[in-house]
Structures are given as structure tokens and as C-alpha cells.
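Below is one structure, written out as C-alpha cells, with a few remarks after it.
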Amino acid sequence: MAMTMDELTVGQKASVGTITAPKQLKRRLMDMGFTKGVDIEVVKMAPMGDPMEVTLRGYNLCLRKAEARAIELR
Amino acid sequence: MQTISLIGNPNCGKTTLFNSLTGTTAYVGNWPGVTVEKKEGAWNGFKVLDLPGIYSLSPYSPEEKLSRRYILDERPDLIIDVIDATNLERSLYLTTQLSELGRPVLIVLNMQDLLEKEGITIDQKRLSLMTGCPVVSISASKGIGLEVFKAEVEKALAENKAPACPLFSNYVEKYINELVAHDYLHTIPKGRLPRWAAIKLLEEDELFLTTMPPFPESFAAYLAKAQASLRAHYDDDVEAIIIDQRYKVAEHISRACQVKKEQKRSFNLDTIATSRFGAIPLFIAIMGGVFYLSIGLVGGITTGWLERIFGMLGENLTILLDALGVVPILSGILVGGIIAGVGSVLTFVPQLFVLFLLLSILEDCGYMARIAFILDRLMRTIGLSGKSIIPLVIGTGCTVPAIMSTRTIEHQKQRELTILVTPFIPCGAKMPIFALMITYFFPGQWYIAPLIYLIGIVAIIFTGFIVRAFDKHKEKNVFILELPRYQLPQMRNVWLQTRERTMGFVRKAGTVILLSSVVIYLLSSFSFALQPVDPDASMLAMLGRVIAPVFKPLGFGFWQATVALLTGIAAKESIVSTLSVTMGDAGITSLFNASSALAYMTFILLSSPCIASISAMAKELGSKGKLLFALVWQTGIAYLAALLVRVVVLLIL
Numbered sequence: 223m224a225m226t227m228d229e230l231t232v233g234q235k236a237s238v239g240t241i242t243a244p245k246q247l248k249r250r251l252m253d254m255g256f257t258k259g260v261d262i263e264v265v266k267m268a269p270m271g272d273p274m275e276v277t278l279r280g281y282n283l284c285l286r287k288a289e290a291r292a293i294e295l296r
Numbered sequence: 062m063q064t065i066s067l068i069g070n071p072n073c074g075k076t077t078l079f080n081s082l083t084g085t086t087a088y089v090g091n092w093p094g095v096t097v098e099k100k101e102g103a104w105n106g107f108k109v110l111d112l113p114g115i116y117s118l119s120p121y122s123p124e125e126k127l128s129r130r131y132i133l134d135e136r137p138d139l140i141i142d143v144i145d146a147t148n149l150e151r152s153l154y155l156t157t158q159l160s161e162l163g164r165p166v167l168i169v170l171n172m173q174d175l176l177e178k179e180g181i182t183i184d185q186k187r188l189s190l191m192t193g194c195p196v197v198s199i200s201a202s203k204g205i206g207l208e209v210f211k212a213e214v215e216k217a218l219a220e221n222k223a224p225a226c227p228l229f230s231n232y233v234e235k236y237i238n239e240l241v242a243h244d245y246l247h248t249i250p251k252g253r254l255p256r257w258a259a260i261k262l263l264e265e266d267e268l269f270l271t272t273m274p275p276f277p278e279s280f281a282a283y284l285a286k287a288q289a290s291l292r293a294h295y296d297d298d299v300e301a302i303i304i305d306q307r308y309k310v311a312e313h314i315s316r317a318c319q320v321k322k323e324q325k326r327s328f329n330l331d332t333i334a335t336s337r338f339g340a341i342p343l344f345i346a347i348m349g350g351v352f353y354l355s356i357g358l359v360g361g362i363t364t365g366w367l368e369r370i371f372g373m374l375g376e377n378l379t380i381l382l383d384a385l386g387v388v389p390i391l392s393g394i395l396v397g398g399i400i401a402g403v404g405s406v407l408t409f410v411p412q413l414f415v416l417f418l419l420l421s422i423l424e425d426c427g428y429m430a431r432i433a434f435i436l437d438r439l440m441r442t443i444g445l446s447g448k449s450i451i452p453l454v455i456g457t458g459c460t461v462p463a464i465m466s467t468r469t470i471e472h473q474k475q476r477e478l479t480i481l482v483t484p485f486i487p488c489g490a491k492m493p494i495f496a497l498m499i500t501y502f503f504p505g506q507w508y509i510a511p512l513i514y515l516i517g518i519v520a521i522i523f524t525g526f527i528v529r530a531f532d533k534h535k536e537k538n539v540f541i542l543e544l545p546r547y548q549l550p551q552m553r554n555v556w557l558q559t560r561e562r563t564m565g566f567v568r569k570a571g572t573v574i575l576l577s578s579v580v581i582y583l584l585s586s587f588s589f590a591l592q593p594v595d596p597d598a599s600m601l602a603m604l605g606r607v608i609a610p611v612f613k614p615l616g617f618g619f620w621q622a623t624v625a626l627l628t629g630i631a632a633k634e635s636i637v638s639t640l641s642v643t644m645g646d647a648g649i650t651s652l653f654n655a656s657s658a659l660a661y662m663t664f665i666l667l668s669s670p671c672i673a674s675i676s677a678m679a680k681e682l683g684s685k686g687k688l689l690f691a692l693v694w695q696t697g698i699a700y701l702a703a704l705l706v707r708v709v710v711l712l713i714l
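Top to bottom, those sequences are chains A and B.
Heads up: the first sequence begins at 223 in our numbering, then just goes up one per residue.
Heads up: the second sequence begins at 62 in our numbering, then just goes up one per residue.
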């Protein structure tokens, strides 16, 4: 099993692999720039531990861990 | 008249550009059939249309579908692709999709004033060469480059040339070209480029497929083969392959045209604003400050002051009308109906204006997105999302703009739930009745006002749990939100939004409330025989007496209280004036007591909102059934909660 993005901790960097999500969510995540090989870094967790904030392609995005679980890393 | 359409990612400064171009000519409406805002204006003899802020042209979200359909079917003369220059790569992803639609595209690099600060330089000529689009660099917020922009728009319109489509890797191109050459591609609707159609066919874009005749067998077989071969080669589905290819194009262009100097990370407000321990106290402090400034400080000064002015106006007008010999019924309608009714609403305008102003500033500077981020986890436990917090906050001012602001919530079910619970937050118009009751029955008891909010919040939580429990599909909703860079609020944007929201409230005073004030005045001054009578023999009193027994268990089963509730449907502010007209101050203290007063406040807090909010709910829910459910639910909860409150108070006292 590949590691997924929700397992990262603050400050960790990684490279995106496959996205395993239903069609619509997959499209949404890819539209936001999560394509194969793109570098991401976890910036912060929200005060209650979820959602998480990541930077990719030079901008900051927040998403829930449930969605981050769909993003496999390599 | 030629039409130019602005399109771009959210937070790219598109609204600032639109506002500075169109100024006072801007008109906000709705796209037919969907609750997506349509903004139009005039500039230099062109019609300017502001399309919704989007990241992509996928066939899934209403905003994206609409933008795509608009460009393809309405064929604007020029597409203005507004790009946040500090966010080039992701912005170019949308550009790769726009340039396939067969319309001329002008790229506007916005926020050029920030480039230097971020250590970025962009080779504009090269960008233009690589995208095939003219490029102009501006700063909409500083008003820099608008002259050049104007010249470029005119030039692009005169040339009327669509850009070359971005090219993908050879392997993908091979199949696109083969498809384009196929006979079936001649059946594509007019105005669509064959290349675009070929890509959509490969992607199996549902929206596009519905516009096409069924595939002939040979074509279906060929398409399936092409897709299978692509899938095997890239080990992904075709839609994902195309997105990946587009981002590769965007990366390639961005790398070739942009030089980025590594910046030292400067101090960021988020160090505090979204920090583990500081975020929530800061949020509470900011909201406290907002309410203190608007409702406490400004409201405290202006409300009493305006009440006196309208009171004086009424008295003097009565004297004047009497002197002129105007018939009493007419002067009654004017003074007792219109001035009293509309006046009571207008006394809220200054504090609402300040509230909306402060909230617009929070939205424009980027803080609202942080609120959604820090509170999402909390909101999720009750089936809402972080984005629901914005309507709830605006709802403390007025429910109407609050319901309109639910449009930022992309998930439909969640949006409907937010609309259902937003009225549970007491709006500004409910304050006077709470103030009145607290003065009479709970003097000096500070905890009553917070208790009211708490009851509202409990009702929201309860509704959330119930709706979630009955949601069979347990649809997973998503929360994906860009945290935009903090920026100084653009005074023009803030002003326009504040004006829009405040005017919405004032318009309501001039229409619905004006009319209902007159009707209520007439009903409370005449009997069914149309004779002028005392209030307690009036038509309104009769009506009230019929309904009043329903409220007996709640402790306010007398007609005056019922009638006040009825007038509250027109505007919650009218409740106070109706009570004082029908029973006088003495009546209030003799008919109500502590338990029924608290029950009455609870009922008013939760029962269906005023007519203006109901119509906003109708518009946003888009279905009579859903509206009816919402109203029944709200009133049902109100009744039960009021009953519960009364029983509890009776048990304690």
C-alpha cells in the first residue's frame, strides 16, 4: 500500500502519485493541480487537527484528511 | 454591441477589474435556471460580463458548466482570461481549456505590483508567443495598466483571432488527430472546434456526449480502441491523462516564461490566524469586535436617535395633516402605518451598514477563508462545512444576504441544510423584541441575551443531527478551498458589496414592509363591518383570537401576542410596535410573565423568518416542496423549543 497524503505531518514534503477517488472528486483534485509527480508540502493542520493546509504549484490549499486519503504519494 | 467576458480563477482580482471597468453601470442578476450570479456592466461601449471564478471547465459544477456553455453558445467577442501573475502555473491550466473553445482570448496578468515583492519576473512576449494569446500586464487594484489594457482589448477585437490550441504529447496527439479526421466529427454542433470535440469524446465528457448523435458502430469501436490504448500507455483513465497533459503544458509555459527568485519566508498573518492555539480566540475576538462596533457602538447611538426622529416626524405630520383637513383614515395610514412601520425598519440601517462593511472587509482581505478552514472540523460534526460559517456570521445582520452567500457552498445538500439553519441565528431585526422583553422581565440579567444565541445554536446542531440521521445516501461532501494571499481590502469592492447588501435591506423596507404596514394598520383599525374601532375589536384582533389558542401551552395564548407574530412575518421589527399598539406597556407586563416572555422570545427566534427571507429561501432552494419543509421545520422546532423553555423556566422558578 502506498502512503497517502493524510499521513504526512506538518513540514513534510512529498510527490503525488495516483489519485484513487470517484470520478468527480478525482477530477476536482486534479483540476486543483494534484497530478502525478507534483511536489507538495504540508503547511499546517487546522486547530482541531483537520482539515490540512498544503502548498502545491506555488499556492496554498486546504482540504480534509478524507480527501487527502485519496491522494497516494510516491 | 460587442461583448467581452471576464473569466479566471477565484481570487485572481477579476472582481476588482470588473468593478473598476464598469463602475456604476454594473448590474447583478441571475443566470436563468441556476443560482449562479450574473454580473454585467458597460465599459467604453462594450458589454462586459463577469463569469464566475473557476479553476477548470469540468462538466460537474454549475459554475463551470455555465461558463463553458456560455462561451460556446453565446460566443462572446472576446474572452479576457484574468490571471493572478503570482500564480501563473495553475492559472494557465484554465487557459489551456479556454483556448480550445474557438474564441479570441486576451490574457491579463493581474497583480503585477506584487511580482517584484515576490521576486518574480515574467517574460510577457514569450508568454504571448507560447500561448498564442495577446498578453497585457495590469494591476486592477492600483489602477495600473488600464490604458494599455483598453488598447489591447480593441486590438484583439479588431483581429478577432482565436489562439492556437495547446499541444499534448505525441502519443495523445496521434489519437486526437485520428479522431478529428473521422467522418463522425462532422456531426459536431456548429461553433465547436473538431479538436475540442475529439478531446471531449476521448474524455467521455457527459455534457458534450448529450449534444451528439449516437455513435456509428465503426466509430464506437475506434473510440474504444483509442481509449484503451491511452489507458494502457499511461496507466490512468483518459480524463486524468488529459488533465495531466494540460498541466504539463501549463508547467512548460510557466517555466519558460517565469523566473522566480527564492524568497525568504516573510512573516505571515497565518502564523497566528490559523495557529493551533491562537486561531479560535482570535476568531472570537474579531467577531466580538465586529458586533461591538456595529450593533453595540453604532447601533446604540443611532437607533434611539432615529426612533426619535421618526417619532417627531409622525407627530408633526399628524398635526399638519389635521390642519389641512385630510381624512383621518389617510393620515392614519401615513403616520400609524407607513411612518411607524417603515421607520422601525430604517432605524437598523446604520448598524447593519457598519456590520456589512466590516464583514465585507473580512471577506475581501481573505480572512473569511481562514474562518472556514479553522472551523470546518467543528461544523462537520453537524453535517455542515467550514464554508457554512460565512452565512451564519452574515445572518447576525440580516438573513437575506446570508442566504444569498450560501452560494459559495458547492455541495447542494449542504447548501440546503445551511439555508435551513441560517434563520436560527438571530438577525438584527429580532434584537428589539429581545431587548424589550429583557427590560421588562429580566432586568439586569446579563445571561439572557447569550442564552438566546445559545438556543439558536442548539437548534442548528439539532437540525444538523436529524437531517444527517435521515440522509439515506450519507453523501460524502468535500471541502477543498484555496487559502488566498492576504491583501489589503479593496475599498471599491468593499463599498459595492456593502451597498448591495444594505440596499437590499432598504428596498425591503420600501416594498414588502411598506405594503404590510398599511395592511396591518387597516386590519387593526377596522372591524369586519369596515367601521373604525378600537384595536381589540378590529379584524386583526378577531384573526388573532382564532389562532391564539394554539399558543396557549406556550403561555402567550392571547390575541395581541399572536397578532404581533403575524405582523412579524412581514418584518420581525414590527413585533415590538404591534405589541405596544395593541396592548400598551402596561399590557405587556400584565399579560406576559417571565416564563411566557422567554417562550415568546424563543418562538420568535426560531419560527419561520420574515417574508423577505422566505422569498430568498424560495429562490435559493428552487423548489416549493423544500421551502415548505423548511418553513414547517423551523416553525415546528420553534414551537417545541418554546414549550420546552417554558416548562424548564416554570420548574426552576
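The beta carbon of each residue, even a glycine, is placed where N, CA and C say it ideally should be.
DSSP places residue 176 of chain B in no beta strand (DSSP E) but in the uninterrupted alpha helix (DSSP H) bounded by 173-176. Three or more Cβ pairs closer than 8 Å define a contact, and the stretch 458-468 of chain B meets that threshold against the stretch 562-580 of chain B. If you draw a straight line from the Cα of residue 66 of chain B to the Cα of residue 110 of chain B, it is about 5 Å long. Using a Cβ-Cβ cut-off of 7 Å, residue 227 of chain A does not count as an interface residue toward chain B, since no Cβ of chain B sits closer than that to its own.
When DSSP states are grouped into helix, strand and coil, residue 202 of chain B belongs to the coil group. Approximately 16 Å separates the beta-carbon atoms of residue 625 of chain B and residue 502 of chain B; this is outside 8 Å, ruling out the contact. Taking every protein chain shown into account, the CB of residue 274 of chain A has 16 or more other CB atoms within 10 angstroms, so this residue is buried. Beta-bridge pairing by DSSP links residue 208 of chain B to no other residue. Taking 9 Å as the Cβ-Cβ cut-off, the stretch 542-575 of chain B approaches chain A at 542, 543, 544, 545, 546, given in chain order.
Taking a beta-carbon distance threshold of 7 Å, residue 230 of chain A does not count as an interface residue toward chain B.
Within its own chain, the residues whose Cβ lies closer than 7 Å to the Cβ of residue 623 of chain B, once the five positions on either side in sequence are excluded, are 605, 608, 609, 612, listed in chain order.
Contacts with chain B (Cβ-Cβ distance below 7 Å) from the stretch 253-268 of chain A involve 253, 254, 255, 257, 258, 266, 268, listed in chain order. Interface criterion met: the Cβ of residue 249 of chain A is under 7 Å from a Cβ in chain B. Counting only Cβ-Cβ distances below 8 Å, residue 289 of chain A has contacts in chain B at 539, 540, 541, in chain order. Considering only beta carbons, the part of the stretch 99-124 of chain B lying closer than 7 Å to chain A consists of 116, 117, 119, 121, in chain order. The beta carbon of residue 148 of chain B falls within 7 Å of a beta carbon belonging to chain A, placing the residue at that interface. Linking residue 478 of chain B to residue 513 of chain B through their CA atoms gives a straight-line distance of about 21 Å. Per DSSP, residue 580 of chain B lies in no beta strand (DSSP E); the unbroken alpha helix (DSSP H) holding it starts and ends at 575-586. Distance from the CA atom of residue 671 of chain B to the CA atom of residue 663 of chain B, rounded to whole angstroms, is 15 Å. Contacts between residue 76 of chain B and chain A, judged by CB atoms closer than 9 Å, are missing: the closest CB pair is about 18 Å apart. Scanning chain A for C-beta atoms nearer than 9 Å to the C-beta of residue 300 of chain B yields 245, 248, 249, 252, reported in chain order.
Setting aside the 5 residues that flank it on each side, residue 83 of chain B is surrounded in the same chain by 102, 103, 104, 109, each with a C-beta closer than 7 Å to its C-beta; the list follows chain order.
Taking each of B:413, B:374, B:405 in turn and checking the Cα distance to residue 359 of chain B, the smallest one comes out for B:413.
Under DSSP, residue 281 of chain A forms a beta bridge with A:278. The alpha carbon of residue 531 of chain B has as its nearest neighbour, out of B:557, B:443, B:615, the alpha carbon of B:443.
Note that the stretch 190-198 of chain B touches the stretch 156-170 of chain B; at least 3 beta-carbon pairs, one per stretch, sit closer than 8 Å.
Rounded to whole angstroms, residue 641 of chain B and residue 340 of chain B show a C-alpha spacing of 44 Å.
DSSP, reduced to helix, strand and coil, places residue 446 of chain B outside both helices and strands of the structure shown, so it counts as coil.
Beta-bridge analysis with DSSP links residue 91 of chain B to B:98. The beta carbon of residue 90 of chain B lies closer than 6 Å to those of 99 in the same chain, with the five residues before and after it left out.
If you check the CB distance, residue 631 of chain B and residue 577 of chain B come in under 7 Å. Relative to the Cα of residue 525 of chain B, the nearest Cα in the group B:244, B:482, B:621, B:253 belongs to B:482. When the alpha-carbon of residue 224 of chain A is set against those of A:282, A:231, A:238, A:272, the nearest one is in A:238. Listed along chain A, the residues sitting closer than 8 Å to residue 304 of chain B by beta-carbon distance are 249, 252, 253, 257. Between residue 185 of chain B and the set B:429, B:316, B:112, B:404, the nearest pair of CA atoms involves B:316.
Within its own chain, the residues whose Cβ lies closer than 8 Å to the Cβ of residue 694 of chain B, once the five positions on either side in sequence are excluded, are 481, 524, listed in chain order.
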